[in-house]
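Report on one structure; see the data block that follows.
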Amino acid sequence: MRSPIRVVFEQRNETPKHLSILVPLLSVVAALVVGALFLLATGYSPIETYSNMLSDGFISSRGITDTLGLSTVLICTGISAAFAFQMNLYNIGGEGQLYLGMIGGAWAGLALGDQLPTFVMIPVVLLVGSLAGALWILLPAFVRSRLGTSEIVTTLLLTYIAASLVKHFVYSPGSFFVTKNSAFPQGRLVPDSASLTGIGDTSLYPTFFLVILITLGLFWVVKKTEYGYRIQVISDSPRAAHYAGINANRTTLSVMLISGALSGLGGAVLIVGPFGRLDPGIILLGYGYAGIVIAALARNNFSAIIVSGILFAGLRSGGDKLQISTDTPIHIGVMLQGAILLFALGGEAFRRYHIHAVRTERATQ
Amino acid sequence: MNGNIWVLASADSVAIATTLVLAALGALFTERAGVLNLGIEGILLTAAISSFLAADSSGSIWLGLIVGSLVGALLAGIHAVLSVVLRANQIVAGLALVIFGTGLANFLGKPAEGKTVATIIKPLSFGPLSDIPLVGPIVFRQDPITYASIVIAILASLYLFRSRPGLELRATGDDPATVDAQGLSVASIRIRYTLFGGLLVGLGGSWLMLAQSAAWHQAATTNGIGWIALALVVFAGWRPMRLIFGAILFGFTLQLPFTLQAEQITFIPSALMQMLPYLATLIALIGLSRPSTRNKLGAPKALGIPFVRDER
Numbered sequence: 000m001r002s003p004i005r006v007v008f009e010q011r012n013e014t015p016k017h018l019s020i021l022v023p024l025l026s027v028v029a030a031l032v033v034g035a036l037f038l039l040a041t042g043y044s045p046i047e048t049y050s051n052m053l054s055d056g057f058i059s060s061r062g063i064t065d066t067l068g069l070s071t072v073l074i075c076t077g078i079s080a081a082f083a084f085q086m087n088l089y090n091i092g093g094e095g096q097l098y099l100g101m102i103g104g105a106w107a108g109l110a111l112g113d114q115l116p117t118f119v120m121i122p123v124v125l126l127v128g129s130l131a132g133a134l135w136i137l138l139p140a141f142v143r144s145r146l147g148t149s150e151i152v153t154t155l156l157l158t159y160i161a162a163s164l165v166k167h168f169v170y171s172p173g174s175f176f177v178t179k180n181s182a183f184p185q186g187r188l189v190p191d192s193a194s195l196t197g198i199g200d201t202s203l204y205p206t207f208f209l210v211i212l213i214t215l216g217l218f219w220v221v222k223k224t225e226y227g228y229r230i231q232v233i234s235d236s237p238r239a240a241h242y243a244g245i246n247a248n249r250t251t252l253s254v255m256l257i258s259g260a261l262s263g264l265g266g267a268v269l270i271v272g273p274f275g276r277l278d279p280g281i282i283l284l285g286y287g288y289a290g291i292v293i294a295a296l297a298r299n300n301f302s303a304i305i306v307s308g309i310l311f312a313g314l315r316s317g318g319d320k321l322q323i324s325t326d327t328p329i330h331i332g333v334m335l336q337g338a339i340l341l342f343a344l345g346g347e348a349f350r351r352y353h354i355h356a357v358r359t360e361r362a363t364q
Numbered sequence: 000m001n002g003n004i005w006v007l008a009s010a011d012s013v014a015i016a017t018t019l020v021l022a023a024l025g026a027l028f029t030e031r032a033g034v035l036n037l038g039i040e041g042i043l044l045t046a047a048i049s050s051f052l053a054a055d056s057s058g059s060i061w062l063g064l065i066v067g068s069l070v071g072a073l074l075a076g077i078h079a080v081l082s083v084v085l086r087a088n089q090i091v092a093g094l095a096l097v098i099f100g101t102g103l104a105n106f107l108g109k110p111a112e113g114k115t116v117a118t119i120i121k122p123l124s125f126g127p128l129s130d131i132p133l134v135g136p137i138v139f140r141q142d143p144i145t146y147a148s149i150v151i152a153i154l155a156s157l158y159l160f161r162s163r164p165g166l167e168l169r170a171t172g173d174d175p176a177t178v179d180a181q182g183l184s185v186a187s188i189r190i191r192y193t194l195f196g197g198l199l200v201g202l203g204g205s206w207l208m209l210a211q212s213a214a215w216h217q218a219a220t221t222n223g224i225g226w227i228a229l230a231l232v233v234f235a236g237w238r239p240m241r242l243i244f245g246a247i248l249f250g251f252t253l254q255l256p257f258t259l260q261a262e263q264i265t266f267i268p269s270a271l272m273q274m275l276p277y278l279a280t281l282i283a284l285i286g287l288s289r290p291s292t293r294n295k296l297g298a299p300k301a302l303g304i305p306f307v308r309d310e311r
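So the protein sequences, as listed, match chains A and B. Reminder that position 336 of the first sequence reads as 335 in numbering that gives the first Met the number 0, one-by-one numbering, no gaps. Reminder that position 282 of the second sequence reads as 281 in numbering that gives the first Met the number 0, one-by-one numbering, no gaps.
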């Protein structure tokens, strides 16, 4: 009788370099193949769709600036997710913290914009937005660090509450955030002092460079500072951290608040940048959720987030333009985003384990 | 204001609880096997649009329900492969499923935008019983799937706590090493219940589409019900019978904004009123999900932890 075949997962001691590059790359390819199957099944041409996405997202000069512009907010939500994920804190409410960043940023812009000059106003808007984002994670962070309540569903539920808050501020009559006596409810534009103009009349704003700087700064904080070291120890071994006298509760609280602030910054970036007003349209865009994918694909590495953030921005902005140019549903971009992450997660197994099939020896007398 | 509206509101709470019961039962079976599937919201949404498209093209609601349920199982299969076979991070895998499911549902749903289902699942009538004041509309004027969901919950309770395979299922979630030592395959049990869980979530999503919404509204079709269902499992202490009552309670908070709006009770702005179900869920979760309380409630001890046999 033939002995049965068993698949063995053998933990690798060291990951071969080529797999670290190959796995994400193949994930993208595999996701594109799946996307192509869906496109074919629904009667669209995959080649035409993808070449349009490629040129609208990455190749044309308009495409590049649009992509970099969009990547600004996506990198914010990406580093927000990664900053918490690296400590095994699953803040998946970046979406809601982003809404609060918009509310806070718009409030600061509208309330103070007429009194202060631009060089003061822009930092104020970004700061208030970040604080609002941190405020939105305060409750989940507090109960997580004090009571141990899992942050996963609490941060997510607050996103739905934040969405209602945005709608309330835009649709309730006489709201501070809307244009008075307008034919239809619409957010009021912040004054000029609180808004930037795109570089060379494109949709790429100077905030892009600020966000890149912040990302590199976080990379340095995590790798080189005592605070970053503490985060590493707690995530590797909470027990060791405890015996080393590290206050894990306080670190948990601060890491989550910083994570919330970074998503809030993403919302404020939209206020000084392309949106300029509190816009309920943000609710359908899912920039906060995209941050989760971006962080996971970059395996919470901050410098890699810049790359995956720009990649996803291209995917999204290319996908968004499809609707206009070829009538292909724009949601193909979001779908590919999810598919890439699913494949990357599966591929992770091949990176971590040496997987091979063996014929099991049957015990003989 | 008349008293009647509150009877209708209660009847609506029972009705809306159907999706919650089915989705939460699906999550419950999955979690009892030790697998955490956060992808419920994505599965609900994809199942909803699949059932719409199937019912719309075939003209049969029942075919819609079947297709929606199978799509639910299929998506849960992705989660099973990732988390059981490939030992991926279950939290991230579940989130990936939400994002993929949302994108896929909206992609598939494009031709459905602005369309409604020709026939919806209709409530049954029990003749004079349905006309009893108070009790009639609440108990005797629901549709077949609503009744079925309660029957499924009762059967699930019997299966979990009174049968041999139910015992094996609970053991797999609490102590997979012992199950393994008994000669049973932990992986196979986990995969089976993850698929079955997806089937139930899929049924819940299909019902939501074909009985409740009737029209496709993109992500607003499910509007976070999947996340509420996940919280409901904790609230119910991983027990099917308690889940029914929890679902009716949360169902009440879900329909209340609409009832108040219909009654033109506007002392609370409607956008703020819509926060109610999520706020209620949040408060319940914070109250109940401290690790010590969770254990007392009966959380599966190996939830979310991949099983790796010690190789000797």
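Each residue gets a CB set at the ideal place from its N, CA and C atoms; glycine is no exception.
At 7 Å on the CB atoms, spell out the chain B contacts of residue i, in chain order.
i: A:Ser171; result: Pro268, Ala270
i: A:Ala295; result: Val91
i: A:Tyr159; result: Gly223, Tyr277
i: A:Ala338; result: Phe99
i: A:Met334; result: Phe99, Gly102, Leu103, Phe106
i: A:Lys166; result: Ala270
i: A:Tyr404; result: There is simply no residue 404 of chain A to check, as chain A begins at 0 and stops at 364 in what is shown.
In chain A, which residues lie with their C-beta within 7 Å of the C-beta of residue i?
i: B:Pro290; result: Gly147
i: B:Gln273; result: Ser163
i: B:Lys300; result: The premise fails here: B:Lys300 is roughly 15 Å from chain A at the closest Cβ pair, so nothing lies under 7 Å.
i: B:Ile77; result: Leu341
i: B:Leu94; result: Ile91, Ile291
i: B:Thr280; result: Leu156
i: B:Leu229; result: Val152
i: B:Leu85; result: Gly345, Ala348
i: B:Trp226; result: Val152, Leu155, Leu156
Taking the alpha helix (DSSP H) that residue i belongs to, which residues open and close that run?
i: B:Arg241; result: 239 to 261
i: A:Val72; result: 60 to 84
i: A:His355; result: Note, A:His355: premise wrong, no alpha helix (DSSP H); beta strand (DSSP E) at 352 to 358.
i: B:Ile334; result: An answer regarding residue 334 of chain B cannot be provided, because it is not within the stretch 0 to 311 covered by chain B.
i: A:Gln96; result: 93 to 111
i: B:Ile304; result: First-last for B:Ile304: undefined, no H or E at that position.
i: A:Lys222; result: 206 to 223
i: A:Glu47; result: 45 to 53
i: A:Ser253; result: 247 to 271
i: A:Gly173; result: Segment: none, A:Gly173 is in no alpha helix (DSSP H) and carries neither H nor E.
i: B:Phe234; result: 224 to 234
i: B:Glu167; result: 163 to 173
Are residue i and residue j close, meaning C-beta to C-beta below 8 Å?
i: A:Ile213; j: A:Pro205; result: no
i: A:Thr333; j: B:Gly108; result: The residue asked about is misnamed: residue 333 of chain A is Val in this sequence, not Thr. Cβ distance not < 8 Å, so A:Val333 and B:Gly108 don't count as in contact.
i: A:Glu150; j: A:Tyr288; result: no
i: A:Leu264; j: A:Gly77; result: no
i: A:Gln336; j: B:Ile144; result: no
i: A:Leu321; j: A:Ile309; result: no
i: B:Phe320; j: A:Pro328; result: Residue 320 of chain B lies beyond the residue range present for chain B, which begins at 0 and ends at 311; the question has no answer from this structure.
i: A:Ser258; j: A:Asn90; result: yes
Which residue comes first and which comes last in the beta strand (DSSP E) that contains residue i?
i: B:Gln316; result: As shown, chain B starts at 0 and ends at 311. That puts residue 316 of chain B outside it, with no answer to give.
i: A:Arg5; result: 4 to 10
Could you work out which residues of chain B lie near residue i, taking near to mean beta carbons separated by less than 9 Å?
i: A:His330; result: Thr101, Gly102, Leu103, Ala104, Asn105, Phe106, Leu107, Gly108, Lys109, Gln217
i: A:Phe37; result: Leu103, Phe106, Leu107
Could you tell me which chain A residues have their CB closer than 9 Å to the CB of residue i, listed as they occur along the chain?
i: B:Ile285; result: Leu138, Pro139, Val142, Leu146, Thr148, Thr153
i: B:Asn88; result: Ala295, Leu344, Glu347
i: B:Ala152; result: The premise fails here: B:Ala152 is roughly 21 Å from chain A at the closest Cβ pair, so nothing lies under 9 Å.
Confirm the yes/no value for this check: CB of residue i, any heavy atom of the ligand HEM, distance under 7 Å.
i: B:Thr101; result: No copy of the ligand HEM occurs in the structure displayed, which carries no ligand at all.
Does the CB of residue i have a neighbour CB from chain D at under 8 Å?
i: A:Tyr43; result: Going by chain labels, chain D is absent from the structure shown, which instead holds the protein chains A and B.
Which parts of the segment 124 to 153 of chain A are runs of the beta strand (DSSP E), unbroken and 3 residues or longer, counting only runs that do not cross its ends? none
Does the segment 70 to 89 of chain B touch the segment 188 to 206 of chain B, meaning 3 or more C-beta pairs lie closer than 8 Å? yes
If contact is defined by three or more beta carbon pairs under 8 Å, each pair taking one atom from either stretch, is the segment 273 to 280 of chain B in contact with the segment 151 to 171 of chain A? yes
Would the segment 222 to 232 of chain B count as touching the segment 53 to 70 of chain B if we require 3 or more Cβ pairs under 8 Å? no
Touching by the beta-carbon criterion (3+ pairs, under 8 Å), the segment 254 to 269 of chain A and the segment 118 to 130 of chain A: yes
Ignoring anything shorter than 4 residues, give me the alpha helix (DSSP H) runs that lie fully in the segment 274 to 340 of chain A, in order along the chain. 286 to 296, 301 to 325
Evaluate contact between the segment 21 to 36 of chain A and the segment 337 to 349 of chain A, counting only Cβ atoms and requiring at least three cross-stretch pairs below 8 Å. yes
If you pair each beta-carbon of the segment 184 to 199 of chain A with each one of the segment 282 to 302 of chain A, do three or more pairs fall below 8 Å? no
At least 3 beta-carbon pairs within less than 8 Å: the segment 49 to 67 of chain A vs the segment 226 to 239 of chain A: no
Is it true that the segment 147 to 156 of chain B meets the segment 229 to 248 of chain B, where meeting means three or more beta-carbon pairs spaced less than 8 Å apart? yes
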